[in-house]
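What follows is a single structure, written as structure tokens, with notes after it.
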Amino acid sequence: MTSPCTVQGKTSWPELLGQNVDKAVSIIQKENPTLRPFVLNISRDVPDPVDCTRVLVFINDNNQVALVPIVR
1 MTSPCTVQGK TSWPELLGQN VDKAVSIIQK ENPTLRPFVL NISRDVPDPV
51 DCTRVLVFIN DNNQVALVPI VR
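Taking the UniProt record's numbering, the leading residue of the sequence shown gets 1, the next gets one more, and so forth.
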């Protein structure tokens with residue numbers, strides 16, 4: 001999944017795959033404080049509409065990041 005957004009700073013976090021959600025959210029907020037992490041279970045669909053101030057953080061049932069967090 002690629003981001004349709006043009007955002008200043010970092011827009012994806014592949015290094016967070018498998019990390020605990022709380023740690024991942026903290027890192028995202030530190031690295032790009034203009035964005036809002038939005039945590040969803042991996043079984044959920046990508047929410048509409050696109051929001052270029054939101055980072056989608058999909059997690060599994062163990063509260064680990066299951067997909068690369070991305071602005072969308």
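Each residue gets a CB set at the ideal place from its N, CA and C atoms; glycine is no exception. Note that the structure is predicted; figures quoted are calculated from it, not measured.
Coarse secondary structure for residue i, derived from DSSP in three states
i	result
Val7	coil
Ile59	strand
Gln19	coil
Val68	coil
Nearest residue (CA-CA) to residue i, options the options
i	options	result
Gln64	Gly9, Ser3 and Leu16	Leu16
Asn20	Phe38, Thr6 and Ile59	Ile59
Lys30	Asn41, Val55, Asn62 and Thr6	Val55
Residue span of the beta strand (DSSP E) that contains residue i, given as start and end
i	result
Val39	Arg36 to Asn41
Nonlocal neighbours in the same chain, by C-beta distance under 7 Å from residue i, ignoring five residues either side
i	result
Val68	Ser12, Trp13, Pro14 and Leu17
Same chain, Cβ closer than 6 Å to residue i, neighbours up to 5 away in sequence not counted
i	result
Pro4	Val50
Nonlocal neighbours in the same chain, by C-beta distance under 8 Å from residue i, ignoring five residues either side
i	result
Ala24	Trp13, Leu16, Pro37, Val57, Val65 and Pro69
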